[in-house]
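Note that full-length UniProt numbering numbers the sequence shown so that position 20 is 20, with each residue one more than the last. The C-beta atom is built at its ideal place from N, Cα and C for all residues, glycine as well. For reference, the structure discussed in these notes is given below.
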Amino acid sequence: MSGTVTNIDEMTLSGTKGKITITTVEQPYGPKSESVASIGISLKADANEPEWKVHIPKANIAQVIEALKKAEQEL
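Encoded structure:
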């Protein structure tokens, strides 16, 4: 990942000592690539890098939020 990372929020990963981090990443795949929101999951609170990451383009954020709300209702 080559772009500038801006921290947005961090929270405890329920049921673990880990954390969920939300960031934005400018030009994550090099010059002229679209900025993304990034969700990272770490199983240990002191991890330098998350074990899992997902990058979501701005155009998809609202739809992903709606899908997560539906998933929350199903749980």
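If you compare alpha carbons, which of the options is closest to residue i?
| i | options | result |
| --- | --- | --- |
| THR12 | VAL36, GLN27, GLU26 and GLY40 | GLY40 |
| ASN48 | SER14, ASP9, GLY15 and LYS19 | LYS19 |
| LYS17 | PRO50, VAL5, THR6 and GLU66 | PRO50 |
| ASP9 | ALA37, PRO31 and LYS32 | ALA37 |
| THR23 | TYR29, LYS69, LYS44 and VAL54 | VAL54 |
Please classify residue i as buried or exposed, where buried requires at least 16 neighbouring CB atoms within 10 angstroms.
| i | result |
| --- | --- |
| SER14 | exposed |
Could you give the residue range of the beta strand (DSSP E) that holds residue i?
| i | result |
| --- | --- |
| ASN7 | 5-12 |
By the three-class DSSP mapping on this structure, what secondary structure does residue i have?
| i | result |
| --- | --- |
| LYS17 | strand |
| ALA37 | strand |
| VAL32 | The sequence shown places Lys at residue 32, rather than the Val named in the question. If DSSP states are grouped into helix, strand and coil, LYS32 belongs with coil. |
Specify, as a first and last residue, the run of the alpha helix (DSSP H) that residue i falls within.
| i | result |
| --- | --- |
| SER69 | Position check: residue 69 holds Lys in this sequence, whereas Ser was assumed. Residues 58-74. |
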